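Residue numbers (this note's numbering): 6 to 203. Each remark here refers to the structure printed beneath this line.
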């Protein structure tokens, strides 16, 4: 009969052999540690710096449907734009549009001025102006409802008018990587399979 038993953490093996009524004890050699390296991973972020880089000037293409008068071929949208640029739109209220009309029919308020709609915003974009600066400008819908500021247009059609918005050259800050991020394995010690460390 042979018995084998693990004793303690040193893995000493003792064999007890019983043969012909006699007992023999055989002890094997003690456990020899086999230490393996143990590592930890340390992450290093990328290193770099900001550089000022030039952004070239460029032209942004856009297009907007202009309203064209069917009677005389006048570009009503451009006429409206010119009236804003030249400050020739009618000063309201006047004899044709009272303050009550402005409030009731068009939503004008003393605090906010005229309401603006998608056509107005497209026109302001084409002009390159801030809509917040246009609160005293009557909306394009009012202009069209009046058949132009002179009241002479009767009906209109649409014509796509391309235009370009110029963007001047400028600079921006751009991150330049001097050293890429990486993970480093660092030796922290040695450990045997039995758990013993050094």
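Note that CB positions come from ideal geometry on N, CA and C, so glycine has one too. On a predicted model such as this, the values are computed, not experimentally measured, just so you know.
Assignment of residue 150 by DSSP, reduced to helix, strand and coil, places it in the helix class.
DSSP places residue 98 in the coil class of the three-state scheme, outside both helix and strand. Taking the Cβ atoms as the reference, residue 43 lies roughly 5 angstroms from residue 193, within the contact range of under 8 angstroms. The Cβ atoms of residue 70 and residue 165 lie closer than 8 angstroms to each other. Residue 158 sits close to residue 79, with the two beta carbons spaced by under 8 angstroms.
Collapsing the DSSP output to three states places residue 56 in a strand.
Counting along the chain, the unbroken alpha helix (DSSP H) around residue 82 starts and ends at 81-90. Put simply, the region 125-134 touches the region 72-90. At least three CB pairs are less than 8 angstroms apart.
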